[in-house]
Amino acid sequence: MSTEGSTKAILAALAANAGIAAAKFVGYFITGSSSMLAEAVHSVADTSNQGLLLFGQREARKEPDSLHQFGYGRSRYFYSFVVALVLFSLGSIFALYEGYHKISHPAPLTSPLVAIVILVVAIGLESFSFRTAMVESRPLKGKSSWWQFIRRSRSPELPVVLLEDTGALIGLVFALAGVGLTVLTDNPVWDGIGTALIGVLLGVIAVILMVEMHSLLIGEGATADECRAIRDALEQTANIDRVIHLRTQYLGPEEMLVGAKIALAARTDLATVAATIDAAEAAIRAVVPAAQVIYLEPDLDRALAR
1 MSTEGSTKAI LAALAANAGI AAAKFVGYFI TGSSSMLAEA VHSVADTSNQ GLLLFGQREA
61 RKEPDSLHQF GYGRSRYFYS FVVALVLFSL GSIFALYEGY HKISHPAPLT SPLVAIVILV
121 VAIGLESFSF RTAMVESRPL KGKSSWWQFI RRSRSPELPV VLLEDTGALI GLVFALAGVG
181 LTVLTDNPVW DGIGTALIGV LLGVIAVILM VEMHSLLIGE GATADECRAI RDALEQTANI
241 DRVIHLRTQY LGPEEMLVGA KIALAARTDL ATVAATIDAA EAAIRAVVPA AQVIYLEPDL
301 DRALAR
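FYI, the numbering for the sequence shown is 1 to 306, going by UniProt numbering.
The structure is reproduced here in structure tokens:
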């Protein structure tokens with residue numbers, strides 16, 4: 001899968017969040033709303049996160065060297081994990097603290113209409129970013145659900161942006177509800193409750209991202225469909241009787257390691273073995289282009305011999 005789509009989604013999110021963060025800070029200074037401050041910090045965290053994702057993509061393009069002989073592809077997973085940490089620490093914990101402070105020491109809002117206008121505009125901008133991420137993700141998602149796409153995708157950026165944008169939109173609704181209820185009831189505690197809800201939301205999203213990125217960092221194998229395609233490609237190659245065992249692992253979002261032991265007919269000459277392995281590698285890459293590093297071990301079918 002190309003990084004072009006994920007880069008487009010990251011840049012759209014970066015532009016939207018940078019503008020939204022500035023507007024929210026202006027709104028906070030005018031109104032004193034803790035929900036607005038929590039959302040401003042949330043947008044700063046999201047903007048920083050998009051910068052980290054772009055940096056991770058750049059690091060992943062570095063050429064392999066003697067120390068990292070399989071390249072730097074997992075840098076994209078590492079920086080996506082850092083994104084989850086930033087979202088949790090800078091976004092969730094701060095919002096929870098602000099919410100607790102506002103509930104414990106409520107203070108009236110000034111010019112709440114300014115906050116409402118800024119939040120409505122922010123919802124529009126976040127919707128644009130979210131739509132961009134959805135459009136770029138759709139070809140990769142296929143027939144699976146969005147949740148399945150987030151869980152199964154080996155490319156970290158699009159799931160991260162999708163979750164961030166989802167959290168941003170829901171967080172804006174919480175902030176809008178907090179400010180709106182504060183105006184309607186003349187009780188600023190609602191602003192603090194909206195802030196606390198934003199903190200809980202960001203914490204949940206951060207934990208989901210940590211779990212997914214941890215799994216990718218330690219190494220995930222091919223999907224069930226990819227494994228089936230690789231096995232079929234091997235078994236349909238001339239001179240291969242069957243696949244004895246197959247192991248796969250993603251070295252990066254666009255590079256997979258494939259190792260397999262294949263059973264060949266007894267007394268197969270060396271030239272035929274070499275030609276068979278070349279044909280098998282080509283067949284694998286034809287069905288799974290991400291399979292860039294392939295190691296095939298020819299063997300005899302000892303189970304058949306017994």
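Each residue gets a CB set at the ideal place from its N, CA and C atoms; glycine is no exception.
Computed from a predicted structure; not experimentally measured.
Item, Value
"Where residue 177 and residue 36 are concerned, what is the direct C-alpha to C-alpha distance, given to the nearest angstrom?", "11 angstroms"
"Quick one: what's residue 259 bridged to in DSSP?", "247 and 295"
"Starting from residue 73, trace the alpha helix (DSSP H) in both directions and tell me its first and last residue.", "Counting along the chain, residue 73 falls outside any alpha helix (DSSP H), and DSSP gives it neither H nor E."
"Considering just the uninterrupted stretch of the alpha helix (DSSP H) at residue 288, what are its terminal residues?", "Here residue 288 belongs to no alpha helix (DSSP H), and DSSP marks it neither H nor E."
"Can you check whether the CB of residue 175 is closer than 8 angstroms to the CB of residue 119?", "yes"
"With residue 89 as the anchor, note down where its alpha helix (DSSP H) starts and where it stops.", "Careful: residue 89 lies outside any alpha helix (DSSP H) and carries neither H nor E."
"If you draw a straight line from the C-alpha of residue 26 to the C-alpha of residue 158, how long is it?", "30 angstroms"
"Return the CA-CA distance between residue 216 and residue 243, expressed in angstroms with no decimal places.", "26 angstroms"
"For the pair the stretch 94-113 and the stretch 186-199, tell me if three or more CB-CB distances fall below 8 angstroms.", "yes"
"Could you give the DSSP three-state label for residue 192: helix, strand or coil?", "helix"
"Assign residue 308 to one of three DSSP states: helix, strand, or coil.", "The structure shown does not extend to residue 308, since the chain spans only 1 to 306, so no value can be given for it."
"How big is the Cα-Cα spacing for residue 89 and residue 207?", "11 angstroms"
"Kindly provide the ranges of any alpha helix (DSSP H) runs that are 4 or more residues long and lie completely inside the stretch 123-154, ordered along the chain.", "146-152"
"To the nearest angstrom, report how far apart residue 40 and residue 86 are at their CA atoms.", "14 angstroms"
"I need the boundaries of the alpha helix (DSSP H) containing residue 231, first residue and last residue.", "224-235"
"Could you give the C-beta distance for residue 23 and residue 121, rounded to a whole number, given that I count them as a contact under 8 angstroms?", "7 angstroms"
"Is there contact here, the stretch 223-234 with the stretch 273-290, by at least three beta-carbon pairs under 8 angstroms?", "yes"
"Per DSSP, what kind of secondary structure is residue 219 in: helix, strand or coil?", "coil"
"Please classify residue 252: does DSSP put it in a helix, a strand, or coil?", "strand"
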